[in-house]
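Enquirer: Counting the sequence shown from 1 gives a position; the numbering used here is that position plus 982.
Dumping the structure here so I can ask a few things about it.
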Amino acid sequence: MQPNHWRPVRAHLHDPGPGSGAGLSRGVIALLVVAIVAVVMGFCCLTEGLFEIGLIATGVFIAIGARICQAREQHQALYRLLQQIDERQT
983 MQPNHWRPVR AHLHDPGPGS GAGLSRGVIA LLVVAIVAVV MGFCCLTEGL
1033 FEIGLIATGV FIAIGARICQ AREQHQALYR LLQQIDERQT
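Here it is, written out as structure tokens:
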């Protein structure tokens, strides 16, 4: 029988999963609120000449936030897949 190589990795991974009410931590939420406030304040202070650049910057901010959410979902899916593989081997 081959040794189970997933055991040490599994000890370091923690995925509460979507069913356990897992969300973003308080620190992440606080940073998101600060970032949103900064974007809104910056957008309100734009001059007419910088309005287009402000729209582009706001779009980039939204795209970065969306990518962070997508990466979190992919990480959770990968963890669940690794967990299923580990359960099949035991």
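Here a beta-carbon is modelled for each residue, glycine too, at the ideal position from N, C-alpha and C.
Since the structure is predicted, the reported quantities are computational estimates derived from the model, not experimental observations.
Using CA atoms only, rank isn't needed, just tell me which of Glu1034, Ile1067 and Ile1044 is closest to Ile1018.
Expert: Comparing Cα positions, the closest option is Ile1044.
Enquirer: Where Asp1047 and Phe1033 are concerned, what is the direct C-alpha to C-alpha distance, given to the nearest angstrom?
Expert: Note that residue 1047 is Gly in the sequence shown here, rather than Asp. Taking the straight line joining both Cα atoms gives about 21 Å.
Enquirer: When the Cα atoms are used, what is the spatial distance from Val1015 to Thr1029?
Expert: So the alpha carbons of these two residues sit roughly 24 Å apart.
Enquirer: Assuming contact is defined by CB atoms lying nearer than 8 Å, are Gly1036 and Gly1024 in contact in what I supplied?
Expert: Yes; because the gap between Cβ atoms is below 8 Å, this pair is in contact.
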